[in-house]
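Structure first, then comments.
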Amino acid sequence: MNDLGSTGLRPGAEALSHLGRSVEAIRAELGIDPVSVEAIRDPAIYALEREKIFRRAWLKVATAWEIPAIGDYKVKELPVADASVLIVRGKDDRIRAFHNVCTHRGNKVVPTSDFETFGRARANVVTCRFHGWVFGTDGPLRSVPLEGSFGTLDKACLGLREIACESWEGFVFINFADPPEQSLREYLGDFATLFGGYPYAEATTAFRYSTVLECNWKVALYAFSEGYHVPTIHAGSLPGFRGIEHADFKLIGPHASSTIYGLGMEAAESTARFAGLFHAGTDHGPRPDLLPPGINPTGRSDFQFELPNIFPNLLIHLASGCGYPGMAYFTHQFWPLDHGRTLWEGINYFRPARNAAERVAQLHVNALHRNAWLEDTATMEDTFTGIRSGAIDEMQLMDQEFLIRHAARTLDSYLAA
Amino acid sequence: MNDLGSTGLRPGAEALSHLGRSVEAIRAELGIDPVSVEAIRDPAIYALEREKIFRRAWLKVATAWEIPAIGDYKVKELPVADASVLIVRGKDDRIRAFHNVCTHRGNKVVPTSDFETFGRARANVVTCRFHGWVFGTDGPLRSVPLEGSFGTLDKACLGLREIACESWEGFVFINFADPPEQSLREYLGDFATLFGGYPYAEATTAFRYSTVLECNWKVALYAFSEGYHVPTIHAGSLPGFRGIEHADFKLIGPHASSTIYGLGMEAAESTARFAGLFHAGTDHGPRPDLLPPGINPTGRSDFQFELPNIFPNLLIHLASGCGYPGMAYFTHQFWPLDHGRTLWEGINYFRPARNAAERVAQLHVNALHRNAWLEDTATMEDTFTGIRSGAIDEMQLMDQEFLIRHAARTLDSYLAA
Amino acid sequence: MMSATMTLPEGFADLAELAARWARPTENARSAIRWTASAEDFAALHAAMMPRLDAVLARLEGCPLDGMDSAETRLFCLAAAFAEAAPHHELYGGSAEVPHSFSARRFVPGHGDTPSWSTALR
Amino acid sequence: MMSATMTLPEGFADLAELAARWARPTENARSAIRWTASAEDFAALHAAMMPRLDAVLARLEGCPLDGMDSAETRLFCLAAAFAEAAPHHELYGGSAEVPHSFSARRFVPGHGDTPSWSTALR
């Protein structure tokens, strides 16, 4: 099942067969020993992670469809990098990222109170409220009140400070390194091929949740990186989700992926009715044919979703309507706020409802999945307390937890670099 | 009065006469100078206390009668030690303590939302909800779902992490040191003799109160460690409690004790009626004869209760029905949550009511005492604010406040060790 | 149970109105009522209950905690409310708060939602 | 808008009382109501709505999201409340909380105050 080189592959799948790993190969490559919890427990390691991972890796901060029109912007607060980042679509339709910092004396150009703030720049400029300095959405400093009163002012050098920003499939990434060691495409490598070609941009209806968890960011990341917990943690919201198989292990440089197969949940009475609405048409029904060929390469009918770990802090669960009824995909991100606090963001993506009934059905599936997330997040603060207590020095990891093992090794290699 | 070597002692009292101190002896031994408030004010000292006191001293965390049946457990959250502790009565009737931490990846085995959680383990096992690992109430890891998917798993070494746990007179103590420097009996020393032999376990009807105080834990401890405040603070709930005498000072290594004598309160009309119910029989009436001989050694008829300070954070006010009508004893504990936050726990213990009228009388006395506690706790946050303000650098301490002076010295000696 | 009957044992019917106002099974429920009471409420409760206290306690002395019928339980709940409320009339000048005290709302009784006749308060 | 009309589309007048109790335009408003509901409330909503669900959805299938009149919007809001409340009856034993879960109050929906019929949820 884990051997992607088997017969009966979908066209194009063999091109990625070098990513696949059998359980034996995973064990040989990543080892079977318990993994130290020190990287979770030690605040000094968190200080290193800020420098060597979050200031060096490509980080997803937006999607193109969040800021669809010229002048649309998003501000994202990233305490892990001591940064407030302005992501804005310029007059040339290009998306750029800047430090949201006025070059005059350091005030925020766009004031914010939440971790994410959306808005639209009128006349393609943003104006700092402190003294009225005006910047173009493409960066340059356009005007300065009482400019003559500055003894000297090299306006050409005082544009917004740009941050490297590139997109893949509509997902917008930034990189704080100047310049980054690799382009985004190089950084994603085979992952970009494995997940490429799906019409992500068509699933623009998003239900977003976030919460601040009192735990290290990796506790949250790891809890969402395996299917071993599904029969226990989700006994409430996903009853009968027992035939689950976590398989098709793939290693992709710093990234990794795997597939959840299964018979799905025993749908409750209302869920069955709402699912029926989705399954009646091709817009929201299961579309395994849209999956890139390296995902579910043998075309199994019990495919649920693909579960990758995109280094360092992004998951894209690609379902194409096969898992939760009507859902195209969902994403998670884990943003450290400090060593023991994490902003978790979960987003459910659907294709636009064509009528009010479809929206109601989306609200039902969204609520079910939000509830499953409430079950997931219940363990995280307890786990961090447990690890801090010193009661255990290692995590025991089984095969289905290989994404954790792989992420821990990648983290180690970044910190050692 | 403070000289325990005087004539007319109760049988057995002279064996503990070496603990007694006259006022002059207390002044000579502990000094008379003001005491610095720095240990209360400085967060760095709190960090030291966590390491050198709370990870080294024996801490009372439960009573045997809270978990009377096989499989009964209590979970106690102890942020001062970054720990969640599972205290459980095993199939062999032995009470053990464990870190409430799953050895798989660190989740809490028993989920909790309060500082204390009670429950019963079915079939003498506890099961982690995250992935279904099962542990015996005596510690061993019993079963692991999908055990074959772990490349290696030494189940014999993955039992719950045990914490040293010993009992004295039904009070259950733990010690985070591995191994502890002393047994519990050695640690309690003469205190175990002084307070030993009272039928604590027969007073199983408990009324418990707790609150989170915005103050350093020692502010709360010290406020409950002296009788000097009674005529002022308790003018409302204990009117006429004026003949109070705080005497019989005793030093017992890191612990200390003293006695409150007095004529008791001027009982209000209803209180007199309820007290009459208790005083009619021997079950709830004053039983000075049950007091261990070192307490009230001369058999004074105005004995109210014995007030010890058991290092670092426990008080057992032993009254044997002589103080508040019908009350056998009451305890206080002070658990640091951080430098400036404290969980206070107060428990009133009565012998079981033999009928509904006795329970009503207990509710009355319990309410009076709870109200007195509301008067006590009113000062604590203000005191801490005052100390943090820097307006004073020292506390002025009189003779009846010697338990504070002694506790401060004991703390210093632990921190210096 | 509380909604099942509003009766009191024979001979205590005169306390029915007081019971409707004050009798509740748990400390939390009784505290909530007490916190909203006026000096007049406390005085009225005291004036009505104090002369009847001997009779009430004598009746309850015949009741084991775990064997009361619903009328006895209701009398117990009224007596419990009086036991807790009396100091407010006798000592606190009719104030629902203990004077010069910490906020009673911040005290968490571990037994707050347990029926006060329970034999398992430990 | 919600206060302007309390009517439902023709043929759905039998759901008026349920709509008064449950129909709200946003996820935050519906969650606030759901968190105070009892097992009986969830059972009653389920018993009333489930037999009518086909008719409700058929009616709403004819409505574009950005073109509903106020009666249709109210029917939509009731259906939305049912869509979110049904699991509490069907899966959670009538509990307003998801059993063994993180506090739902700590989850912040980015769209929490946006009308749920908005076409601009992104």
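Residue numbers (the working numbering), protein chains in the order written: chain A, 6 to 422; chain B, 6 to 422; chain C, 4 to 125; chain D, 4 to 125. Virtual Cβ for every residue (Gly too), placed ideally from N, Cα, C.
Within the stretch 38-54 of chain D, those residues whose Cβ lies closer than 7 angstroms to any Cβ of chain A are, in chain order, M53. DSSP lists A:I179 as the beta-bridge partner residues of C170 (chain A).
For F59 (chain B), the CB contacts under 6 angstroms within the same chain, skipping 5 residues up- and downstream, are V85 and A86 in chain order. A396 (chain A) is positioned such that its CB atom lies no closer than 7 angstroms to that of H136 (chain B). About 5 angstroms separates the beta carbon of I392 (chain B) from that of V42 (chain B), a gap short enough to meet the 8 angstroms contact definition. If the five residues before and after R27 (chain C) are omitted, its C-beta is found closer than 7 angstroms to the C-beta atoms of R33, I36, C80 and A84, all from its own chain and listed in chain order.
The beta-carbon separation of G326 (chain A) and R292 (chain A), rounded to 5 angstroms, stays under the 8 angstroms limit for a contact.
DSSP lists B:F212 and B:F335 as the beta-bridge partner residues of N353 (chain B).
For G281 (chain A), there is no enclosing beta strand (DSSP E); the residue is part of the alpha helix (DSSP H) that begins and ends at E274 to H284.
In this structure, A362 (chain B) lies away from E87 (chain C), with their beta-carbon atoms at least 7 angstroms apart.
Looking only at A:I50, A:I92 and A:R375, the smallest Cα-Cα distance to G124 (chain A) is reached by A:I92.
When C-beta atoms of the stretch 166-176 of chain A are compared with those of the stretch 110-129 of chain A, fewer than three pairs fall below 8 angstroms, so the two segments do not count as touching.
Interface criterion not met: the Cβ of A123 (chain D) is under 7 angstroms from no Cβ in chain A. Straight-line spacing of the CA atoms in E386 (chain B) and I257 (chain B) works out to 30 angstroms. Comparing C-alpha distances from R375 (chain B) to each of B:A358, B:L296, B:A211 and B:A182 shows the shortest one belongs to B:A211. Only residues of its own chain outside the window of five on either side were considered, and among them N314 have a CB closer than 6 angstroms to the CB of A412 (chain A), listed in chain order. For the 7 angstroms CB-CB criterion, A42 (chain C) and G97 (chain C) form a contact.
Look at T347 (chain B): its C-beta is not under 7 angstroms from any C-beta on chain A. With the criterion set as a beta carbon lying under 9 angstroms from some beta carbon of chain B, the members of the stretch 393-419 of chain A are R393, S394, G395, A396, I397, E399, M400, Q401, L402, M403, D404, Q405, E406 and I409, in sequence order.
Under a criterion of Cβ atoms nearer than 7 angstroms, the residues of chain A adjacent to R109 (chain D) are, in order, T216.
Chain-order list of chain B residues neighbouring R32 (chain A): G156, by C-beta distance under 8 angstroms.
Residues of chain B with a Cβ closer than 7 angstroms to the Cβ of T384 (chain A) are, in chain order, N112 and F135. A Cβ of chain B is located within less than 7 angstroms of the beta carbon of T388 (chain A). Identification of chain A residues near H23 (chain B) by a Cβ-Cβ cut-off of 8 angstroms yields none; the smallest Cβ-Cβ distance measures about 40 angstroms. Under the three-state reduction of DSSP, D77 (chain A) is assigned to strand. Spanning the alpha carbons of E219 (chain B) and A383 (chain B) requires a straight line of approximately 11 angstroms. Under the DSSP assignment, F123 (chain B) falls in the beta strand (DSSP E) whose first and last residues are E121 to R125. Contact of A211 (chain A) with chain D by beta-carbon distance below 9 angstroms involves G113, H114, L124 and R125.
Closer than 9 angstroms at the C-beta level to chain B, one finds these residues of the stretch 54-68 of chain C: L56, D57, V59, L60, A61, R62, L63, E64, G65, C66, P67 and L68.
DSSP, read as helix, strand or coil, puts E380 (chain A) in helix. Within the stretch 30-59 of chain A, the residues whose Cβ lies closer than 7 angstroms to some Cβ of chain B are R32, I37, D38 and V42, listed in chain order. Spatial neighbours of H284 (chain A) in its own chain (CB-CB distance under 6 angstroms, excluding positions within 5 residues in sequence) are listed in chain order as G290. Under DSSP, M400 (chain A) takes part in a beta bridge, and its partners are A:V40. With fewer than 16 other Cβ atoms from the protein chains shown falling within 10 Å of its own Cβ, S148 (chain B) counts as exposed.
DSSP lists A:F254 as the bridge partner or partners of R26 (chain A). Shown here, D87 (chain B) sits in coil according to DSSP, grouped into three states, outside any helix or strand.
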